[in-house]
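Quick notes on the structure that follows.
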Amino acid sequence: MQERLKTLKADAWQDITAVKDSKELDEVRVRYLGRKGELTGLLRGMGQLPAEERPTVGRLVNELRSELESSLEAKREALEQEELEQSLKSEMLDISLPGRQPGRGHIHPLNLVLDEIKQLFISMGFQVVEGPEVETDYYNFEALNLPPDHPTRDMQDTFFVSKDILLRSQTSPVQIRVMENQKPPVRIIAPGKVYRVDDLDATHTPMFHQVEGLLIDESATFGDLKGLLNVFIEAMFGKGRKIRFRPSFFPFTEPSAEVDVECIMCSGAGCRVCSQTGWLEILGSGMVDPRVLQIVGYDPERYQGLAFGVGVERIAMLKYGIADIRLLFENDLRFLGQFK
Ligand code: DAH
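Mapping to this note's numbering: the sequence shown position 81 is 82, numbers consecutive.
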């Protein structure tokens, strides 16, 4: 009997050592410790032993059983460890591989220009203010010296929400809002969207951007206006680009002037972009009409003002050589990607 125990122990050792995965381990367990297993078989055979041998053999069988159990357990742990290592190895990430770059956004060309304009005027002591895009008729027209039914209103047709409420056609109403709330001196720029009933073409969109400028002080001259605009245009386009001041009319300024810049596309020869004129108008300007100062309660005898309104799209088109304004709003990434 003891011989058989020895062989069984040796066999079991060999089998356990040879086990390669947890399935085989289970098979070995059943083979030796299962209900029909070898060791259980031995226990059953104990009945045939002489009574005096039974306690010794019983003890040996129990010892062997717990030895086998702990070997199986040790083997199980070893297998698990091995499997873990295996999966760690096979699932290992190669962190030295270069990653895939997510597409990175960048600033829209219009905002590049706007930021530049803001920085310039901030550096000259101007404050940046904003006004509503949905305006009243009073601020957009009347307070700017465009009385109801007056022909000058034909200059700007816009979108009406109701009889007295509209999408502002210019940033000039912000001038009025600022002056109503502030005593002179005033030095502001007001960037924002404006709306007009214009047919879409290479130079017109029904929504575009302006930057309004206003300076009020006890002394402000047309020379100051010209100087300021020269600084501005030089900052935008560099020295040497041809510009011209052209006498013009705006109901809220007197005198008034428009500023044109030599067409970037044809260098003045005349093309589709400049409607064959060789020039692109980029801003309107003038000395604030005393009537407007009166309307906001400023003393026109004491204060003078200069003002201007710049089209931001025009500036961007000239600066970057964009021949069609619609490109700025189509969000074609092949176009926008050039401004990284
Ligand atoms: N608001 C005018 C426009 O949209 C532009 C303009 C002209 C603004 C003269 C001004 C100005 O402040 O003084 O056509």
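Just so you know, even glycine gets a beta-carbon here, dropped at the ideal spot from N, CA and C.
Query                                                                                                                                                                       : Result
Pick out whichever of 24, 91, 20, 211 has its Cα sitting closest to the Cα of residue 316.                                                                                  : 211
What's the C-alpha gap between residue 323 and residue 110?                                                                                                                 : 10 Å
My understanding is that residue 171 touches residue 195, with C-beta atoms under 8 Å, so please give their C-beta distance in whole angstroms.                             : 5 Å
Can you give me the Cβ contacts of residue 166 inside the same chain, cut-off strictly under 8 Å, excluding the 5 residues immediately before and after it?                 : 135, 136, 137, 138
Assess contact between the region 140 to 151 and the region 245 to 260, defined as three or more Cβ pairs (one per stretch) separated by less than 8 Å. Is contact present? : yes
Just to confirm, does residue 233 get its C-beta within under 7 Å of one of the non-hydrogen atoms of the ligand DAH?                                                       : no
On the three-state DSSP scale, how would you describe residue 197?                                                                                                          : coil
Provide the residue(s) that pair with residue 136 in DSSP beta bridges, ordered along the chain.                                                                            : 167
With distance defined between alpha-carbon atoms, name the residue in 2, 68, 101, 103 nearest to residue 50.                                                                : 2
Use the C-beta contact count for residue 233: other C-beta atoms within 10 angstroms, 16 or more gives buried, fewer gives exposed.                                         : buried
List, from N- to C-terminal side, the alpha helix (DSSP H) runs of 4 residues or more that fit wholly inside the region 207 to 256.                                         : 223 to 238
Looking only at C-alpha atoms, which of 63, 54, 48, 189 sits nearest to residue 118?                                                                                        : 189
Starting from residue 11, trace the beta strand (DSSP E) in both directions and tell me its first and last residue.                                                         : Not the beta strand (DSSP E): residue 11 falls in the alpha helix (DSSP H), residues 3 to 19.
Quick check on residue 237: buried or exposed, where buried means 16 or more other Cβ atoms within 10 Å of its Cβ?                                                          : buried
Give the single residue among 37, 313, 263 whose Cα lies nearest to the Cα of residue 208.                                                                                  : 313
Within a Cβ cutoff of 7 Å, which residues of the same chain sit near residue 197, ignoring the five residues on either side of it in sequence?                              : 157, 158, 159, 170, 207
So what does residue 161 bridge to, in DSSP terms?                                                                                                                          : 167
Hey, would you say the C-beta of residue 254 is under 7 Å away from at least one heavy atom of the ligand DAH?                                                              : yes
Sorry if obvious, but does the Cβ on residue 102 come closer than 7 Å to a heavy atom of the ligand DAH?                                                                    : no
Please classify residue 31 as buried or exposed, where buried requires at least 16 neighbouring CB atoms within 10 angstroms.                                               : exposed
Opposite residue 189 in the DSSP bridges: which residues?                                                                                                                   : 128, 215
Rounded to whole angstroms, what is the Cα-Cα separation between residue 37 and residue 87?                                                                                 : 34 Å
List the DSSP bridge partners of residue 262.                                                                                                                               : 244, 281
Are residue 132 and residue 193 touching if we call contact CB-CB under 8 Å?                                                                                                : yes
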